[in-house]
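Read in order, the letters of the sequence shown correspond to residues 144 to 397 in this note's numbering.
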Amino acid sequence: MREEILRRLKVIEQEEDVTIIYVCESGSRAWGFPSADSDYDVRFIYKHPRDWYLSIDVEGNRDVIERPINDELDISGWDLRKALKLLRISNPPLLEWLSSPIIYRQEPGIADKLRRAIDEFYSPIASFHHYLNMARNNHREFLRGDLVRVKKYFYVLRPLLAIRWIGLNIGPVPMEFEKLIDNCIDSTDLKTAISDLLERKKTGQEMDKQPKIAVISDYIENELAGFTKMAPPTERAKPTLEKLNHLFREILST
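What follows is the structure, encoded as structure tokens:
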């Protein structure tokens, strides 16, 4: 599949006349809890030739590349300028892409510069609100009622643990679920219940609607209630926009 992903990226570069500068896995495979039949969620950042950005109608130019999703592969990417605008506001999905443990291809110098920019523009407040909204929405959609699709626990647990991570004030949220568990959960019983659920998901065991897992459900309810009342973290001072303008021009020149 890795060879197929790299092949498709080359086709995209040829069809769109772009250079792809960073490609990663962004879904359950990168989070660390894929099922046996999980698809591949491939995300990339690309740049056009410099003159593309100098057209008078540049604001009307499309800044996303997408390809039809099939059973195995979901692949899409953002233009460099779009990515930098999102980096400026500390967009959590972009931050996760750049911290993915599964990288299919990258321009090392450029990727390193983007990661250094994350350290400067990271916003705890933006991340806090993003993950809290995600946890609330996924809880409302997947975990109401006496019977739940238990694999959906992960879609609520991960953002809740991300909020705990933000509260530790140790930097942007990592993509790997295991890191969040290790740093943000103290309860042995809760860790054991989550570990058992992870193992079931990874081995492809059937996890349709079943009775709630009490220790996990109680944790989720308590965390949601507490985070809803909690004051957001203090915002950090950010560099000026000119730093990203300089980075944009520098990357286009390489």
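A virtual CB, placed ideally from N, CA and C, is assigned to each residue, including glycine.
Review point. How is F405 classed by DSSP in three states: helix, strand or coil?
Key: The chain is shown from 144 up to 397; residue 405 falls before or after that span and cannot be answered.
Practice item. Please name the residue or residues paired with Y183 in a DSSP beta bridge. Key: Residue pairing by DSSP puts Y183 in a beta bridge opposite L216.
Check your understanding: Is F176 near F297, with beta carbons less than 7 Å apart?
Key -> One thing to note: F176 has its Cβ within 7 Å of the Cβ of F297.
**Study point:** V293 versus W195: straight-line alpha-carbon distance, rounded
**Key:** The straight-line gap from Cα to Cα measures roughly 47 Å.
Check your understanding: Relative to the alpha-carbon of K381, which residue among Q249, S266, S171 has its alpha-carbon at the smallest distance?
Key -> It is S266 whose Cα lies nearest to the Cα of K381.
**Study point:** Which residues DSSP lists as bridging T162, in chain order
**Key:** Per DSSP, K190.
Check your understanding: First and last residue of the alpha helix (DSSP H) that includes Y362?
Key -> First-last of the alpha helix (DSSP H) with Y362: 357-372.
Review point. Which residue from D214, V358, E342 puts its Cα closest to that of L333?
Key: That would be V358, whose Cα lies nearest to the Cα of L333.
Point to revise | Which residues DSSP lists as bridging C167, in chain order | key: Listed as beta-bridge partners of C167 by DSSP are R186, I246.
Review point. Thinking just about the alpha-carbon of each residue, which of R287, G314, W221 is nearest to the one in E364?
Key: Checking every option, the nearest Cα to that of E364 belongs to R287.
Point to revise | For R279 and S330, the rounded distance between their alpha carbons | key: For S330 and R279, the distance between alpha carbons rounds to 22 Å.
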